[in-house]
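Below is one structure; the comments refer to it alone.
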Amino acid sequence: MVLDHGIEYKAVSSSRDGVVLRRMDETNATISFTQAQFRERLNRPSDPLIIKPRHYSEASAKARIKGGTDELSALGLKDQETVIHREFYVRSILKREGEYREKVRQARRDGVRPPDVVVSRSPEPMRRAIAEIAREWQAIRINRGLVRPTYRNPEKQKLFEPSPSTVKRWVNLMEENDFNPICLKPNYQKNREEYFTADELVHLSKALNAACSTTRPNIADLHRIMEHEITEANKLRSPLEQLRVPDVGTLRNRFNDVPPMYKQLGRKGKVETDREWRPELGGIDVVRALERVELDDHSTNLQTILVATNVWQTLTKEQKKLVKRIRLWISAAIDVASRSVVALHVSAIPPSLRSAMTALEMMTRSKTSLAKRLECSTAWPQGGTPEVIAVDSAVYFAHRPFRVSVNDAGTNLFLPPAGEAPMRGFIERWFRTLGSQMFAFFSGRTWGSVAEKGEYDSEAEASAIADQVATCLIRWVVDGYHNTPHAELNGATPNDMWFQLARDYGVVPGPTGALRNHLYGTGLMRVITKKGIRGTGLQFQSKQAQQIRRKIGSTPIYCRMNNHDLGSISVLFEGGWIEVPCVHPELSGVSIWKWLATTEKLRLFNKANASVSRPTMLATFAWLHEQADIARLEAGILSPILTEEDFDRFEKKMDHVFDVVDNPIEGEPRPEGEWHPSDELFAMLGIQPVTYANAVRAAKKAAKEARARAEEGGRPEFSTAPVLTPRQEAEAELDEPVAQHISNIFDEE
Numbered sequence: 069m070v071l072d073h074g075i076e077y078k079a080v081s082s083s084r085d086g087v088v089l090r091r092m093d094e095t096n097a098t099i100s101f102t103q104a105q106f107r108e109r110l111n112r113p114s115d116p117l118i119i120k121p122r123h124y125s126e127a128s129a130k131a132r133i134k135g136g137t138d139e140l141s142a143l144g145l146k147d148q149e150t151v152i153h154r155e156f157y158v159r160s161i162l163k164r165e166g167e168y169r170e171k172v173r174q175a176r177r178d179g180v181r182p183p184d185v186v187v188s189r190s191p192e193p194m195r196r197a198i199a200e201i202a203r204e205w206q207a208i209r210i211n212r213g214l215v216r217p218t219y220r221n222p223e224k225q226k227l228f229e230p231s232p233s234t235v236k237r238w239v240n241l242m243e244e245n246d247f248n249p250i251c252l253k254p255n256y257q258k259n260r261e262e263y264f265t266a267d268e269l270v271h272l273s274k275a276l277n278a279a280c281s282t283t284r285p286n287i288a289d290l291h292r293i294m295e296h297e298i299t300e301a302n303k304l305r306s307p308l309e310q311l312r313v314p315d316v317g318t319l320r321n322r323f324n325d326v327p328p329m330y331k332q333l334g335r336k337g338k339v340e341t342d343r344e345w346r347p348e349l350g351g352i353d354v355v356r357a358l359e360r361v362e363l364d365d366h367s368t369n370l371q372t373i374l375v376a377t378n379v380w381q382t383l384t385k386e387q388k389k390l391v392k393r394i395r396l397w398i399s400a401a402i403d404v405a406s407r408s409v410v411a412l413h414v415s416a417i418p419p420s421l422r423s424a425m426t427a428l429e430m431m432t433r434s435k436t437s438l439a440k441r442l443e444c445s446t447a448w449p450q451g452g453t454p455e456v457i458a459v460d461s462a463v464y465f466a467h468r469p470f471r472v473s474v475n476d477a478g479t480n481l482f483l484p485p486a487g488e489a490p491m492r493g494f495i496e497r498w499f500r501t502l503g504s505q506m507f508a509f510f511s512g513r514t515w516g517s518v519a520e521k522g523e524y525d526s527e528a529e530a531s532a533i534a535d536q537v538a539t540c541l542i543r544w545v546v547d548g549y550h551n552t553p554h555a556e557l558n559g560a561t562p563n564d565m566w567f568q569l570a571r572d573y574g575v576v577p578g579p580t581g582a583l584r585n586h587l588y589g590t591g592l593m594r595v596i597t598k599k600g601i602r603g604t605g606l607q608f609q610s611k612q613a614q615q616i617r618r619k620i621g622s623t624p625i626y627c628r629m630n631n632h633d634l635g636s637i638s639v640l641f642e643g644g645w646i647e648v649p650c651v652h653p654e655l656s657g658v659s660i661w662k663w664l665a666t667t668e669k670l671r672l673f674n675k676a677n678a679s680v681s682r683p684t685m686l687a688t689f690a691w692l693h694e695q696a697d698i699a700r701l702e703a704g705i706l707s708p709i710l711t712e713e714d715f716d717r718f719e720k721k722m723d724h725v726f727d728v729v730d731n732p733i734e735g736e737p738r739p740e741g742e743w744h745p746s747d748e749l750f751a752m753l754g755i756q757p758v759t760y761a762n763a764v765r766a767a768k769k770a771a772k773e774a775r776a777r778a779e780e781g782g783r784p785e786f787s788t789a790p791v792l793t794p795r796q797e798a799e800a801e802l803d804e805p806v807a808q809h810i811s812n813i814f815d816e817e
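If you count the sequence shown from 1, position 393 lands on 461 in the numbering used here, and the numbers rise without skipping.
So, in structure tokens, the structure goes:
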């Protein structure tokens, strides 16, 4: 047979000119090749032509019918040894017969008496020859190291001598099958007829299923239960239809024959069995940085106190006990090739489309500036455009905004089936590393399971404030994890591997400029006026924007605002994006959080005819850039992800557009010292500085304490909770969440 690219041919003829082959399919076509063409196919580097001699011979065809194969290599090792052993006896008998016939012919030519020792296929001559052949075979086995006979083990000295009739049958088989040794393959009957009836097998199968359960019962106990059930069933059957009781040995043997995977399925469940028996294909083969990024969400196994750090010290002991304890949510992305974390977003609220978009935007840029402001010792340069992003089956990963942003960035999205965590094994394993290493020094851990946790009261033992834990998470990643040798990286650290892969293969940079606005900006609907487009108290104006206004009038138009750069706004018009710059070029590269902090610092909102000098504003931007609290806000730590509703709320707080002047203004505040968010800024961002587990009870308690201090002649502390009216108490019971520690300049809202 000639096999070429999966097509079977039968050799018809061959000459010096070429070969003639016939296809062995329904076409039955005859094809010719020159010797050069045939040699080229035979020496092909990949998928060469294959020649199998004697494939269409009668003996090979019989062997395929009998045993399913005509190749010795397809047999098991034990069967291969058996065939070689039997063939040795056949070849030795035929050799002795040939030598004896030659001696008889030579004796006749010489006129002498023939040999006295007769060699034939009669029982006695065969028995004598078999004894000699057995000793020869034993010597061969000793030379091969398969047998080591000693006087202490006489069993190994014993020779195996088949009967003359058996050897004679082997010889006949070889002669009938053209001396193809595959005919000597053992043909033991494997598919025996079932001994038990169908009704008896019902009870036997029930006992086997019980043996594969999570309780792991004893086989002897199961046999007694089965025996009792069969005995009870026989009481309802006629004497001629009595069921036999399988003995305990039969039950044990049948249980031993159950495949181990099915035993584990019954004892340990589908999830663990699937993890144990799923085939592994060597993992994911990636060689370039950002070739594959895995993105997932995780709830930390640590109870934290939900309160702003700078507010915690102002609370009384009773108030501190009532503050809500929560588990933070983490949205993280890891680069598989370098094991580097390219995105890390920590939030007090469950993950959603907004957190997914934040992590997606974060993985496309360098985060060194953020790491520096959080006092990290090393840089965090890992960022760029991934080639593939692997996510789980969360619904927000399939939403339109996420899919559109991934597609337009030139990235492929991998959505595995639900419940297939191993398809994102790297990020899943990283979360386990995070839980075991990062939270080992904190009290309030929830541990990995109820059994591991025991009687430990995680909520009562919580002592870490949420935003501090979030900062520690980032510092652990940047300074700890990225600088720890990794076994899967041959001892290199994620930082070292990132720089090595970036040097050798390069990294596709993340989207920049206007493209970044288009992909990751917050969507807004705005009306273009003669002053341009208004957003966060700023005006964005350009000639193109006014041309659009002349065409659409006062119809709202879709825009995108980049939270990390207020230098421009993107406008979608007639199937394309148009970039409209801010009227204040100083805001290029300024984030929305820094801008709000600046306006709060300089008190520019809700102030008619507000103005600020350009040097003071730029100095404030530079000063805030070094503040850790701004870094926390820009990283989204405990702050909500800004939406269109948030921008609308900002603009209500900032009704007037301020002027930027070149000359200094008398009384302008100087940016100095350490900055912390004020209650006003918290209110504008929608952050609750304090969240109580029971808002109504906490508010009543705080109000009672304030009244008590007032009666004593003292002055209530700043930012204590206001006294609630009955209506406010009812509304608080319905709304549930929080009592706020903020000043009262926005109380009427």
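Every residue, glycine too, gets a C-beta built ideally from N, C-alpha and C.
- Pairwise C-beta distances place the stretch 406-423 out of contact with the stretch 573-588, as fewer than three of them are shorter than 8 angstroms.
- Separation of the CB atoms of Ile398 and Asp365 is rounded to 7 angstroms, and the pair is thereby assigned contact status at 8 angstroms.
- Distance between Val546 and Asn563, taken at the CA atoms: about 9 angstroms.
- Within its own chain, the residues whose Cβ lies closer than 7 angstroms to the Cβ of Val187, once the five positions on either side in sequence are excluded, are Arg164, Glu165, Tyr168, Pro193 and Ala197, listed in chain order.
- Among the bridge pairs identified by DSSP, His73 is matched with none.
- In this chain, the alpha helix (DSSP H) harbouring Gln612 covers Lys611 to Ile620.
- With contact defined as three or more Cβ pairs closer than 8 angstroms, the stretch 453-473 and the stretch 625-636 are not in contact.
- Looking at Ala279, Phe499, Asp72 and Glu340, the one whose alpha-carbon comes closest to that of Val409 is Phe499.
- Within its own chain, the residues whose Cβ lies closer than 7 angstroms to the Cβ of Arg617, once the five positions on either side in sequence are excluded, are Ile596, listed in chain order.
- Nearest to Asn321 by alpha-carbon distance, out of Leu308, Gln609, Ile287 and Met329, is Ile287.
- The residue among Ser636, Val456, Arg122 and Pro579 with its C-alpha nearest the C-alpha of Asn245 is Arg122.
- Contact check between the stretch 123-133 and the stretch 231-241: fewer than three CB pairs, one atom from each, fall below 8 angstroms, which does not count as touching.
- Around Met431, the same chain offers Val361, Ala401, Val410, Ala411, Gly451 and Pro454 as residues with beta carbons nearer than 7 angstroms, after the five sequence neighbours per side are excluded.
- By the 16-neighbour rule on beta-carbons within 10 angstroms, Val472 is exposed.
- For Ile119, DSSP records a beta bridge to Val70.
- Burial is judged here by how many other beta carbons sit within 10 angstroms of a residue's own beta carbon; Lys435 has at least 16 and is buried.
- In the DSSP assignment, no residue is bridged to His632.
- With contacts defined as CB atoms closer than 8 angstroms, Thr102 and Arg90 fail to qualify as a contacting pair.
- Taking a 10 Å sphere around the C-beta of Ile210, we find fewer than 16 other C-beta atoms and assign the residue as exposed.
- Around the beta carbon of His296, a 10 Å sphere encloses fewer than 16 other beta carbons of the protein chains shown; the residue is thus reported as exposed.
- In the DSSP assignment, Gln607 falls within the beta strand (DSSP E) that extends over Leu606 to Phe608.
- DSSP places Glu126 in the helix class (H, G or I) of the three-state scheme.
- A check of alpha carbon separations from Gly591 across Phe470, Trp566 and Val339 identifies Phe470 as the nearest.
- Contact between the stretch 326-333 and the stretch 275-289 is present: 3 or more CB-CB pairs across the two stretches fall below 8 angstroms.
- For Trp661, the closest of Thr604, Arg433 and Arg154 by C-alpha to C-alpha distance is Thr604.
- Under the DSSP assignment, Val316 falls in the alpha helix (DSSP H) whose first and last residues are Val316 to Asp325.
- For the pair Trp663 and Tyr573, the Cα-to-Cα distance works out to about 38 angstroms.
- DSSP places Trp397 in the strand class (E or B) of the three-state scheme.
- Excluding residues up to 5 positions away in sequence, Met69 and Lys78 lie with their Cβ nearer than 7 angstroms to the Cβ of Tyr124 in the same chain.
- Shown here, Ile625 sits in a strand according to DSSP, grouped into three states.
- Distance from the CA of Ala613 to the CA of Gly600, rounded to the nearest whole angstrom, comes to 7 angstroms.
- For Phe156, the closest of Pro249, Asp72 and Lys120 by C-alpha to C-alpha distance is Pro249.
- For the set Phe247, Asp93, Ile637 and Gln568, the Cα lying nearest the Cα of Met593 is the one of Ile637.
- Here Ser473 is not bridged, per DSSP, to any residue.
- Counting other Cβ atoms within 10 Å of its Cβ, Ser659 reaches 16 or more and is therefore classed as buried.
- Looking at the backbone, the Cα of Glu556 and that of Val459 are separated by about 22 angstroms.
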